[in-house]
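Residue numbers (numbering that gives the first Met the number 0): 0 to 717.
Structure first, commentary second.
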Amino acid sequence: MKIFKYRNGYICITNISENAIRIRAGLNDRFDEENPCVRYGIYEMSDKHVSSNINVIIDDEQLVINGMKTEISFTKGFTLKMHVSPEVRFYGLGDADRSTLEKRGTEHVIWVHNVKCYIPYPMLITSEGWGIFSSTTYYQRFDVCHRNPDVLSIFSDKGSCDIVVFKGNGYKELLCQFKAITGFAKMLPKFAYGLSYVANQKIDAFNMINEMYTFRKEEIPCDVYGLEPEWMEKRYDSSVDKKFNTTKFYIPYWMTTEQIRENTFFKPITNMDFKLSLWLCCNYDLSYEEERNAVIKKEIESYDKEEENLDYLEDRFEVDDHFGNPQYMDKLTVKDEPWFKHLEKFVDMGAKAFKLDGAWQIEDHPDRLYGNGMKDDEMHNLYPLIYAKQMSEGYEKHTGTRSLVYSSGGFAGIQQYVATWSGDTGGGPKPLVSMLNLAMSGHVNTTCDMSVHNIEGIHFGFLQPWSQQCNWDYWNQPWLFTKELKEAYIYYARLRYSLIPYLYSAAYEAYIDIAPIMRPLVFDYPDDENVYNILNQYMLGKYLMVAAFMKDKRAYLPEGIWIDMFTNKEYEGGKYVDYEIPSERGGALFAKKGSILVRSYGITSVPESPFSSYTIEIYPSVSENVFNLYEDDGISLEYKEGKRSITKFKVIKVDNAIRISISERKGDYGNKPDMVSYDLRVMNINENDLIYINDILYQHEITDGTGVVNINEKELFG
0 MKIFKYRNGY
10 ICITNISENA
20 IRIRAGLNDR
30 FDEENPCVRY
40 GIYEMSDKHV
50 SSNINVIIDD
60 EQLVINGMKT
70 EISFTKGFTL
80 KMHVSPEVRF
90 YGLGDADRST
100 LEKRGTEHVI
110 WVHNVKCYIP
120 YPMLITSEGW
130 GIFSSTTYYQ
140 RFDVCHRNPD
150 VLSIFSDKGS
160 CDIVVFKGNG
170 YKELLCQFKA
180 ITGFAKMLPK
190 FAYGLSYVAN
200 QKIDAFNMIN
210 EMYTFRKEEI
220 PCDVYGLEPE
230 WMEKRYDSSV
240 DKKFNTTKFY
250 IPYWMTTEQI
260 RENTFFKPIT
270 NMDFKLSLWL
280 CCNYDLSYEE
290 ERNAVIKKEI
300 ESYDKEEENL
310 DYLEDRFEVD
320 DHFGNPQYMD
330 KLTVKDEPWF
340 KHLEKFVDMG
350 AKAFKLDGAW
360 QIEDHPDRLY
370 GNGMKDDEMH
380 NLYPLIYAKQ
390 MSEGYEKHTG
400 TRSLVYSSGG
410 FAGIQQYVAT
420 WSGDTGGGPK
430 PLVSMLNLAM
440 SGHVNTTCDM
450 SVHNIEGIHF
460 GFLQPWSQQC
470 NWDYWNQPWL
480 FTKELKEAYI
490 YYARLRYSLI
500 PYLYSAAYEA
510 YIDIAPIMRP
520 LVFDYPDDEN
530 VYNILNQYML
540 GKYLMVAAFM
550 KDKRAYLPEG
560 IWIDMFTNKE
570 YEGGKYVDYE
580 IPSERGGALF
590 AKKGSILVRS
600 YGITSVPESP
610 FSSYTIEIYP
620 SVSENVFNLY
630 EDDGISLEYK
640 EGKRSITKFK
650 VIKVDNAIRI
660 SISERKGDYG
670 NKPDMVSYDL
680 RVMNINENDL
690 IYINDILYQH
700 EITDGTGVVN
710 INEKELFG
């Protein structure tokens with residue numbers, strides 16, 4: 000850490016990695032008051048005592064960062080101005096904007112707000128290989144070359160300047176640098192990558208079980224069943240005294256927790272392989288728990304009755320114990336009780352997930368003073384983040400397993416704790432843009448409220464990192480749809496579930512290798528100027544490209560050959576193509592030639608035990624392609640310790656020889672199957688093509704242009 004005199008104040012430079020520097024500015028040379036997100040263990044911004052690859056020139060009057068003239072003023076809050084090149088493109092800011100992907104020429108506010116800004120990220124990454132993160136939780140405004148076409152400005156009227164400038168070769172490396180500061184994306188339980196269905200809020204136990212039964216009877220895949228606020232005895236109960244509404248969800252008062260699991264509605268839920276999710280609202284003062292965990296002792300006015308001299312009480316004529324304790328304005332918070340503590344009993348009964356509604360985490364609290372001494376101007380953006388943190392950590396500490404907690408609100412860093420959905424904004428084009436912006440900000444596990452009133456919404460809703468349909472107060476049970484919509488819903492639900500191994504592997508790639516599950520085309524094709532600001536197309540994992548809400552019936556295909564997954568038609572890439580959406584589909588789904596898609600057909604829920612057989616669909620090309628199939632136990636936290644297996648698939652076509660390489664499963668985990676079998680399907684094969692697997696020629700059958708070989712590990716490796 001080095002401190003420099005700068006204009007009428009000081010600048011502190013800290014090298015937090017070789018490719019990231021922290022820059023703090025203030026009127027004095029004391030920089031010992033830490034950012035709350037650092038103090039609470041959310042951000043990692045400590046001095047690593049390494050040399051930096053970022054060049055900084057600083058003296059009394061000038062600050063130059065990586066060749067960019069920078070100005071910081073800090074008389075009231077701070078203003079930072081960076082003079083940038085005219086060619087640089089900007090991405091990020093999370094959910095602060097739903098109108099564009101590339102941010103140059105725009106201006107945005109960093110403040111959690113219902114509908115217009117649920118999950119802001121005060122960060123940008125650029126096409127020139129650098130990024131910037133302003134870590135204060137106060138209100139900020141990002142002017143991305145809007146008022147001045149050559150200047151990036153960051154403004155806040157409170158707090159101090161505390162930014163990180165980082166660099167990397169491409170968007171993936173930039174996000175890696177950013178996540179090293181704000182936390183790497185978590186892996187959800189495997190079942191979370193199926194479908195989450197949220198019931199009508201008026202539902203009771205009988206109708207809930209009947210709906211679950213209908214899902215299974217209709218063979219509509221689904222894993223999570225969510226209850227809305229009327230599951231509680233008191234609707235919108237934000238206290239720690241909440242109970243089940245026993246009129247709708249009767250639980251005999253005398254039952255033990257084990258008896259509740261085995262003899263109430265929880266038993267058939269388990270029998271039908273569903274996971275129950277409970278809706279929550281929160282106005283609890285979460286800062287007490289964060290301060291406890293940070294081992295910061297904040298003096299709170301209280302009386303120590305053992306040490307205080309109580310002789311004065313001899314003068315009282317009447318004894319009234321009402322006057323013996325301090326009085327707090329906050330009657331909701333139990334200051335010595337973590338928020339999650341009261342939820343443990345519901346988890347012990349059988350609840351497996353929690354939905355964090357926007358109430359009251361995204362609302363302004365203009366007159367609130369929190370237990371950590373903060374007012375709402377500093378705590379407002381921080382609150383959804385520590386809410387997510389305490390929910391995730393509380394569940395995982397209590398159960399020893401991964402949590403499925405999903406929230407509508409958030410702030411930079413939320414990717415390490417929970418999944419999110421795009422709030423009460425439906426499932427149309429704007430939520431799609433929100434999810435793309437969050438991907439370019441480092442957030443991975445995103446979805447929206449699926450729109451089920453048209454096939455376009457169903458198409459988009461099932462082709463996301465995770466999928467959710469929220470009924471709220473509607474009658475949108477899929478078996479009540481029109482014939483056309485019901486068939487589309489079932490088709491896309493089964494399509495999604497067939498892709499679970501592919502999507503789960505993509506989730507691991509997002510965790511270990513940064514690439515978001517769902518990402519804009521510019522992430523994979525940064526040099527193609529046609530994709531810089533495409534808002535309705537995205538990559539889903541390594542090989543699949545989705546086009547949604549295709550009003551003009553056109554799609555842009557990057558370089559290469561792309562295969563229509565619905566019609567099997569091939570398209571030459573590097574251009575826009577006219578696309579006629581099949582009548583029973585809601586958009587386009589392309590696989591790039593060279594794709595290796597690992598699939599699992601015929602499941603209606605994600606099994607607790609790992610798959611023992613896979614269908615491998617191969618679209619061979621003359622370039623070698625690789626896919627890593629990731630497997631683990633699907634629920635424990637041991638993936639963080641490397642307890643998993645990886646199977647590497649390689650494919651290349653040389654003349655008429657299709658050469659497939661399958662590795663042994665590398666690694667181990669708790670319930671790893673003894674043997675795995677593969678149903679290999681080489682798509683669009685020619686009559687004279689030969690199939691080699693691990694350099695051995697295999698006979699194959701051809702059905703509808705697909706070469707089929709069935710093989711298992713014993714045959715491959717003895």
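All C-beta atoms, glycine included, are put in the ideal place defined by N, C-alpha and C.
Note that the structure is predicted; figures quoted are calculated from it, not measured.
| said: I'd like the ranges of any beta strand (DSSP E) spanning at least 3 consecutive residues and lying wholly in the stretch 448-487. | reply: 466-469
| message | Let me confirm a value: W471 is counted as buried when at least 16 other C-beta atoms fall within 10 Å, else exposed. Which label applies? | response | The residue you call residue 471 lines up with position 472 of the sequence shown. When all chains shown are included, W471 counts as exposed.
| message | Can you look up F716 in the DSSP assignment and give me helix, strand or coil? | response | Here the question's residue 716 lines up with position 717 in the sequence shown. Helix.
| Among the residues of its own chain, which have a CB less than 6 Å from the CB of I361, if the five just before and after it don't count? | Walking along the sequence shown from the start, residue 361 turns up at place 362. Cβ neighbours of I361 beyond the five flanking positions: V111, N113, G408.
| Three-pair Cβ contact test at 8 Å for the stretch 322-339 versus the stretch 408-418 | no
| said: Check this for me: beta carbons of L556 and L100, under 8 Å apart or not? | reply: By 1-based counting over the sequence shown, the position of residue 556 is 557. By 1-based counting over the sequence shown, the position of residue 100 is 101. No, these two residues do not count as a Cβ contact at 8 Å.
| message | Once DSSP output is grouped into helix, strand and coil, what is the label at K68? | response | The residue you call residue 68 lines up with position 69 of the sequence shown. DSSP places K68 in strand when its eight states are reduced to three.
| query | What three-state label does DSSP hand L36 in the structure shown? | reply | Walking along the sequence shown from the start, residue 36 turns up at place 37. Strictly speaking, residue 36 in this sequence is Cys, with Leu absent from that position. In the structure shown, C36 sits in a helix (DSSP, three-state: H, G or I).
| said: Is the beta carbon of Y691 closer than 8 Å to that of I651? | reply: Within the sequence shown, numbered from 1, the residue matching residue 651 stands at position 652. Within the sequence shown, numbered from 1, the residue matching residue 691 stands at position 692. Taking 8 Å as the Cβ cut-off, I651 and Y691 do not qualify as a contacting pair.
| If we count Cβ pairs, one from each stretch, closer than 8 Å, do we get three or more for the stretch 575-584 versus the stretch 609-629? | no
| C-alpha gap between G593 and E106, whole angstroms | Position 594 of the sequence shown, counted from the first residue, corresponds to residue 593. Position 107 of the sequence shown, counted from the first residue, corresponds to residue 106. Their Cα atoms are separated by approximately 40 Å.
| task | May I have the straight-line CA-CA distance separating G349 from E217, to the nearest angstrom? | result | For the purposes of this step, residue 349 is taken as residue 350 along the sequence shown, with counting starting at 1. For the purposes of this step, residue 217 is taken as residue 218 along the sequence shown, with counting starting at 1. Taking the straight line joining both Cα atoms gives about 25 Å.
| Looking at the structure shown, is M577 part of a helix, part of a strand, or coil, going by DSSP? | Numbered from its first residue, the sequence shown carries residue 577 at position 578. The residue asked about is misnamed: residue 577 is Asp in this sequence, not Met. It is a strand residue.
| task | Just the C-alpha distance for D59 and S159, rounded to the nearest angstrom, thanks. | result | Against the sequence shown, residue 59 aligns to sequence position 60. Against the sequence shown, residue 159 aligns to sequence position 160. Taking the straight line joining both Cα atoms gives about 19 Å.
| If we call anything under 8 Å between Cβ atoms a contact, is I118 one with L588? | The count along the sequence shown starts at 1 and reaches residue 118 at position 119. The count along the sequence shown starts at 1 and reaches residue 588 at position 589. No.
| said: Our contact map puts P428 next to T446 with C-beta atoms below 8 Å; I'd like the distance itself, whole angstroms only. | reply: Taking the first residue of the sequence shown as 1, we reach residue 428 at position 429. Taking the first residue of the sequence shown as 1, we reach residue 446 at position 447. So it is not a contact: roughly 15 Å between Cβ atoms.
| query | In terms of alpha-carbon separation, which member of L277, V223, N270 lies closest to F248? | reply | Here residue 248 corresponds to residue number 249 of the sequence shown, with the count starting at 1. Measuring from the Cα of F248, the nearest candidate turns out to be L277.
| field | Inter-residue Cα distance where the pair is K171 and A514 | value | Counted from its first residue, the sequence shown places residue 171 at position 172. Counted from its first residue, the sequence shown places residue 514 at position 515. Those two C-alpha atoms are separated by around 6 Å.
| field | Extent of the continuous alpha helix (DSSP H) run through M211 | value | Residue numbering aside, residue 211 sits at position 212 when the sequence shown is read from its first letter. Per DSSP, M211 belongs to the alpha helix (DSSP H) from 204-216.
| query | Quick one: any contact between the stretch 70-80 and the stretch 89-104, if contact means 3 or more CB pairs under 8 Å? | reply | no
| query | How about Y537 and P525: are their beta carbons less than 8 Å apart? | reply | Position 538 of the sequence shown, counted from the first residue, corresponds to residue 537. Position 526 of the sequence shown, counted from the first residue, corresponds to residue 525. Contact flag unset, no.
| query | Less than 8 Å separating the beta-carbons of Y668 and K639? | reply | In the sequence shown, the residue the question calls residue 668 occupies position 669. In the sequence shown, the residue the question calls residue 639 occupies position 640. Against a cut-off of 8 Å, the Cβ pair of K639 and Y668 comes out as no contact.
| Option in E127, L151, R146 with minimal Cα separation from P121 | In the sequence shown, counting from the first residue as 1, residue 121 sits at position 122. That would be L151, whose Cα lies nearest to the Cα of P121.
| field | Straight-line Cα distance separating L384 from H442 | value | The residue you call residue 442 lines up with position 443 of the sequence shown. The residue you call residue 384 lines up with position 385 of the sequence shown. Near 13 Å, if we compare the C-alpha coordinates of L384 and H442.
| By the 10 Å Cβ neighbour count, where 16 or more other Cβ atoms means buried, how is N444 classified, buried or exposed? | The sequence position of residue 444 within the sequence shown is 445, counting from 1. Result: buried.
| Going straight from the alpha carbon of G370 to that of Y137, what length do you get? | Within the sequence shown, the letter at position 371 stands for residue 370. Within the sequence shown, the letter at position 138 stands for residue 137. For G370 and Y137, the distance between alpha carbons rounds to 17 Å.
| request: Kindly give me the distance between the Cβ atoms of N535 and L431, rounded to whole angstroms, as I take these residues to be in contact under 8 Å. | output: Residue numbering aside, residue 535 sits at position 536 when the sequence shown is read from its first letter. Residue numbering aside, residue 431 sits at position 432 when the sequence shown is read from its first letter. Contact holds; Cβ gap of about 6 Å.
| request: For the stretch 228-236 and the stretch 272-286, state whether three or more C-beta atom pairs, one from each stretch, are separated by less than 8 Å. | output: yes
| query | Would Y613 pass as a contact of S599 if the rule is Cβ separation under 8 Å? | reply | Position 614 of the sequence shown, counted from the start, is the residue given in the question as residue 613. Position 600 of the sequence shown, counted from the start, is the residue given in the question as residue 599. In contact: Y613 and S599 (Cβ atoms closer than 8 Å).
| Residues near N475 by beta carbon distance below 6 Å, same chain, minus five either side | One-based indexing of the sequence shown puts residue 475 at position 476. Answer for N475: V451, listed in chain order.
| task | For the stretch 512-545, list the beta strand (DSSP E) runs that are entirely contained and at least 3 residues long, ordered along the chain. | result | 517-519, 536-539
| Given 8 Å as the limit, is there contact between the stretch 538-553 and the stretch 660-678, that is, 3 or more CB pairs closer than that? | no
| Reduced DSSP secondary structure (H/G/I, E/B, other) of R6 | Within the sequence shown, numbered from 1, the residue matching residue 6 stands at position 7. Note: R6 maps to coil in three-state DSSP.
| said: Spatial neighbours of D303 within its chain, please: C-beta separation below 8 Å, excluding the five flanking residues on both sides. | reply: By 1-based counting over the sequence shown, the position of residue 303 is 304. Low local confidence applies: a pLDDT of 46 at D303 is under 50, so the model's placement there is unreliable, with the coordinate-based value given in what follows. Once the five neighbours on either side are set aside, D303 has no close Cβ partner at all.
| query | Looking at the unbroken alpha helix (DSSP H) that takes in H397, where does it start and where does it end? | reply | For this step, residue 397 is matched to residue 398 along the sequence shown. Its alpha helix (DSSP H) spans residues 381-398.
| Are K166 and N52 closer than 8 Å when you measure CB to CB? | Here the question's residue 166 lines up with position 167 in the sequence shown. Here the question's residue 52 lines up with position 53 in the sequence shown. For K166 and N52, yes; Cβs fall inside 8 Å.
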